[in-house]
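**Student:** Pasting in a structure now, in C-alpha cells, and then I'll have a few things to ask.
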Ligand code: R5P
C-alpha cells in the first residue's frame, strides 16, 4: 500500500519527475563514451565549454627554451590558472605535484630535435603509461604537407584506435612547416584531416583571414596555439578573435610564459576565453594585475 506521501515502503520513486538526461554539449562529442566525455570535461570547462590550456611541452624537441629552463620556478606558479596542462610525461613526473587535479594533456609524439627534420616523428607514449599518469588526453603532431606526412598521420590514427579502446581523447596538433603558408586554406585542410581521422579536438594556429571557416569546417573543438611571443595586447586580441570566431579556447605557451608578467597574462587570457572579455579591457586587466598603469 502506498503511504501518505504516495511512496511504497517509505521509498520515493519520483514517478512524476522525468529522468534527467542532458546532452553533452561539447562540439561533436555527444556520441562519445562516458570516460572520454569525463576526460574532455577536465580540459573544457563544462560551464563555458572552453579551455585555457597552458602549453609547455616545447622541450620535447627544443630542449630548455627561454623561460622553460626551470619549469619548477617559472611554470608551477601558473598552473592554478590553467584548465589543462600540455606537457611531456618527463616533466609531469619530475616536476608537477601529484596533488594537481585538473586536466593533463600528455605529449605523445616525438623523435626529432630542432636539429633534424621535424616531421619524422613517432608515437612516444604508450596508452598504459598515459592511463597510469591519469592523463586526460594524448597529443600528437600531424605534419600535413610535411616530408613525413603519412607517418605522422599514422601516428594519429594509431593513437585514436588505442585511445578509443580505453576512453582517452586524442588531440591532433597541426604542425606548419617553416616554408608553408599559414592561411585558412591550409588550416582547414589540416584540421579537418585530424578530425576526420578521429581526433577528439584539434590544435591549430589562428589566421587573421577567414578563421571562422576553419572552425566551421572542423566538426570537433579547435584550440589555437599562441605561436611565437608577440606583444601582450596582440596576443589577447588574437585569443579574443579566435574564440569569437568559433575556437573553443587556447593552447598557449610562449605568449604566457615569456610574457613580462606570466601570472597576469594567463589571468587576462582566462578572462578573454571564459568571460568573452574584449581585448582592450583584458589588456587593462593585465596591466592592473601586473601593477602597471593603464595609460
Ligand atoms: C610546440 O610544438 C608545442 O606543441 C606547443 O604546445 C605549441 O606550439 C603551443 O605553444 P605556443 O603557444 O608557444 O606556440
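In the numbering used here, the protein residues as written are 1075 to 1369.
Using N, Cα and C, we set each Cβ at its ideal position, and we do this for glycine too.
From a predicted model like this one, the values you see are computed outputs, not experimental measurements.
(1) Any heavy atom of ligand 1 closer than 7 Å to the Cβ of residue 1254?
(2) Does residue 1349 come out as helix, strand or coil in the three-state DSSP assignment?
(3) For residue 1314, which three-state DSSP category applies?
(4) Check for me: the alpha helix (DSSP H) holding residue 1106 runs from which residue to which?
(5) On a CA-only basis, which of 1212, 1225, 1253 and 1252 is nearest residue 1234? Give me that one, please.
(6) Note down, in chain order, each residue of its chain lying with its Cβ closer than 6 Å to the Cβ of residue 1156, except the 5 sequence neighbours on either side.
(7) Alpha carbon to alpha carbon, how far is residue 1361 from residue 1165? Give it in angstroms, no decimals.
(8) Which two residues bound the contiguous beta strand (DSSP E) that contains residue 1215?
(9) Grouping DSSP H, G and I as helix and E and B as strand, with all else coil, what is residue 1286?
(10) Is any heavy atom of ligand 1 found at a distance shorter than 7 Å from the C-beta of residue 1329?
(11) Report the start-end ranges of each alpha helix (DSSP H) in the stretch 1246-1289 that is 4 residues or longer and not cut off at the edges.
(12) Tell me whether residue 1188 sits in a helix, a strand or coil according to DSSP, three-state version.
(13) Please classify residue 1085: is it buried, with 16 or more other beta-carbons within 10 angstroms of its beta-carbon, or exposed?
(14) Three-state secondary structure (DSSP) at residue 1126?
(15) Return the chain-ordered list of same chain residues with a C-beta closer than 7 Å to the C-beta of residue 1345, the five sequence neighbours on each side being excluded.
(16) Does ligand 1 have a heavy atom nearer than 7 Å to the CB of residue 1308?
(17) Helix, strand or coil: which one does DSSP assign to residue 1181?
(18) Here's the rule I'm using: 16 or more other beta-carbon atoms within 10 Å means buried, otherwise exposed. How should residue 1134 be labelled?
(19) So the beta strand (DSSP E) residue 1323 belongs to, where does it begin and stop?
(20) Can you tell which of 1221, 1225 and 1206 has its C-alpha closest to the C-alpha of residue 1214?
(21) If you measure from the CB of residue 1299, is any heavy atom of ligand 1 nearer than 7 Å?
(22) Using a C-beta cutoff of 8 Å, does residue 1088 count as contacting chain C?
(23) Less than 8 Å separating the beta-carbons of residue 1290 and residue 1320?
(24) Report the option in 1302, 1257 and 1243 whose CA atom is closest to the CA atom of residue 1269.
(25) Under the three-state reduction of DSSP, which class applies to residue 1355: helix, strand or coil?
(26) Classify residue 1116 as buried or exposed, calling it buried when 16 or more other Cβ atoms lie within 10 Å of its own Cβ.
**Tutor:** The short version:
(1) Here residue 1254 is taken as the residue at index 180 of the chain shown, counted from 1. Result no, Cβ not under 7 Å from ligand 1.
(2) Taking the chain shown and counting its residues from 1, one reaches residue 1349 at position 275. Note: residue 1349 maps to helix in three-state DSSP.
(3) As a first step, residue 1314 is located in the chain shown; it is residue number 240 there, counting from the start. Three-state DSSP puts residue 1314 in a helix.
(4) For this step, residue 1106 is matched to residue 32 along the chain shown. Element bounds for residue 1106: n/a, residue is neither H nor E.
(5) Along the chain shown, one-based indexing puts residue 1234 at 160. Looking at the Cα atoms, 1212 is the closest of the given residues.
(6) In the chain shown, the residue the question calls residue 1156 occupies position 82. So the qualifying residues of the chain are 1126 and 1128.
(7) Against the chain shown, residue 1165 aligns to sequence position 91. Against the chain shown, residue 1361 aligns to sequence position 287. Answer to the nearest angstrom: the Cα atoms are 31 Å apart.
(8) As a first step, residue 1215 must be located in the chain shown, where it is residue number 141. 1211-1216 is the span of the beta strand (DSSP E), which, as asked, contains residue 1215.
(9) Taking the chain shown and counting its residues from 1, the one referred to as residue 1286 is at position 212. If DSSP states are grouped into helix, strand and coil, residue 1286 belongs with the helices.
(10) The residue given as residue 1329 occupies position 255 in the chain shown. Yes - ligand 1 has a heavy atom lying nearer than 7 Å to the Cβ of residue 1329.
(11) 1258-1270
(12) Along the chain shown, read from residue 1 onward, the residue named residue 1188 stands at position 114. Note: residue 1188 maps to coil in three-state DSSP.
(13) Counted from its first residue, the chain shown places residue 1085 at position 11. By the 10 Å Cβ count, residue 1085 comes out exposed.
(14) As a working mapping, residue 1126 is identified with position 52 in the chain shown. The answer is strand: DSSP assigns residue 1126 an E or B state.
(15) Taking the chain shown and counting its residues from 1, the one referred to as residue 1345 is at position 271. If we look at residue 1345 and ignore the five residues flanking it on each side, its Cβ neighbours are 1351, 1356 and 1359.
(16) Indexing the chain shown from 1 puts residue 1308 at position 234. Checking every heavy atom of ligand 1 against the Cβ of residue 1308, none is found closer than 7 Å.
(17) Within the chain shown, the letter at position 107 stands for residue 1181. It is a strand residue.
(18) Counted from its first residue, the chain shown places residue 1134 at position 60. Buried: at least 16 other Cβ atoms inside 10 Å.
(19) On the chain shown, residue 1323 is found 249 positions in, with the first residue counted as 1. Note, residue 1323: beta strand (DSSP E), 1323-1326.
(20) One-based indexing of the chain shown puts residue 1214 at position 140. It is 1225.
(21) As a working mapping, residue 1299 is identified with position 225 in the chain shown. Residue 1299: yes, Cβ under 7 Å from ligand 1.
(22) Absent from the structure: chain C. Only one protein chain is present.
(23) Against the chain shown, residue 1290 aligns to sequence position 216. Against the chain shown, residue 1320 aligns to sequence position 246. Yes. Within cutoff.
(24) Here residue 1269 corresponds to residue number 195 of the chain shown, with the count starting at 1. Considering only alpha carbons, the answer is 1243.
(25) Locating residue 1355 in the chain shown gives position 281, counting from the first residue. Residue state, collapsed to three classes: helix.
(26) For the purposes of this step, residue 1116 is taken as the residue at position 42 of the chain shown. When all chains shown are included, residue 1116 counts as buried.
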